[in-house]
Amino acid sequence: MPQVPIIMPQLGESIAEATIVDIKVKPGDEVVPDQEIIDVETNKAVMGVTTPCKGKIDKITVQLKETYPVGTVLGYVEASEEDAARFKKTVPKPPKGTAAMEIPGREEQATVAARQRDGEGVRRTGGLPVPAAGKGAGFLSPRVRARMAELQLTNADLAGIPPTGAGSRITIKDLENFLQKIENQTAHEASAIRAGVAEAMRRSWTRPLSTIGSSVNLDPILQNRQSRDPKPGPGL
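Using our numbering, read the sequence shown as starting at 465 and increasing by one per residue.
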């Protein structure tokens, strides 16, 4: 029978990914249109993913507690010819051998990795790989921004992270992998110049800032100005 894919929907303007928290059906279960079959969690709420049409669940292609970007195929529904034609979907080809199902963004990730191996588009400076055209982070999900705030990172700090999310977005997995690479880097003693700059920045940051003010009552002066005729000039 024709199969209609169950797609991770766009759950909000600022939502790029969601985590699977509950799968309510199993292969072989009969479903009706708009039936909630999977619960997904974003940084804002838990929402349900519904079936696109009536039919029978053929398979579920995602795992609990895993995070997937918008547009990922979550499973397939065996539908009628009419429903399949309405959704303009054809029967997907099963993966050969034991190859895992590809999700959006993996192809771009493989391309970036290949370019890094070939030395294209990357400056090798002995540190972390940084794309030559990196200009900082673009759109970031609330989950990524919360992690950045926790680590006191800025958008410029993410310039070296190859994005793998939908629309070339940096996902939370990209950020965590980047942090893991940093932890695995060999530490070297800072030069005298860097140590001096760091010490000056530390002093600037830790130096207390204060403002001293005094209260002045201008009412007598203002009353005196208003009582004069003709009015005095700005020198008084």
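Even glycine gets a Cβ: it sits at the ideal position worked out from N, Cα and C.
Here's the rule I'm using: 16 or more other beta-carbon atoms within 10 Å means buried, otherwise exposed. How should residue 605 be labelled? Per the 10 Å Cβ criterion, buried.
Can you tell me which of the three DSSP states residue 685 falls into? Three-state DSSP puts residue 685 in a helix.
Can you tell me the Cα-Cα spacing of residue 555 and residue 466, whole angstroms? Low per-residue confidence applies at residue 555: pLDDT is 44, beneath 50, and the placement is therefore not dependable enough to give any value.
What does the alpha-carbon distance come out to for the pair residue 476 and residue 649? The alpha-carbon of residue 476 is positioned some 37 Å away from that of residue 649.
In the DSSP assignment, the alpha helix (DSSP H) including residue 606 goes from what residue to what residue? Start and end: 606-615.
By Cβ distance, which residues of its chain are closer than 8 Å to residue 639, with the 5 residues on each side in sequence left out? Spatial neighbours of residue 639 in its own chain (CB-CB distance under 8 Å, excluding positions within 5 residues in sequence) are listed in chain order as 608, 611, 612, 622, 625.
Going by the CB atoms, is the gap between residue 485 and residue 516 shorter than 7 Å? Not in contact: residue 516 and residue 485 (Cβ atoms no closer than 7 Å).
With H, G and I counted as helix, E and B as strand and the rest as coil, what does DSSP make of residue 520? DSSP, reduced to helix, strand and coil, places residue 520 within a strand of the structure shown.
Residue 696 versus residue 681 - alpha carbon distance: Rounded to the nearest angstrom, the two C-alpha atoms are 20 Å apart.
Residue closest to residue 507, alpha-carbon to alpha-carbon, out of 479, 641, 500: With distances taken between Cα atoms, residue 507 lies closest to 479.
Provide the residue span of the alpha helix (DSSP H) that contains residue 663, from first to last. Following the DSSP letters along the chain, one finds residue 663 inside the alpha helix (DSSP H) bounded by residues 656-670.
Would you check whether the ligand COA has a heavy atom nearer than 6 Å to the C-beta of residue 621? As far as ligands go, the structure on display features none, and thus does not contain the ligand COA.
Top-ranked residue by Cα proximity to residue 528, from 548, 545, 482: If we check each option's Cα against that of residue 528, 482 comes out closest.
Classify residue 670 as buried or exposed, calling it buried when 16 or more other Cβ atoms lie within 10 Å of its own Cβ. If you draw a 10 Å sphere on the C-beta of residue 670, you find fewer than 16 other C-beta atoms in it, and that means exposed.
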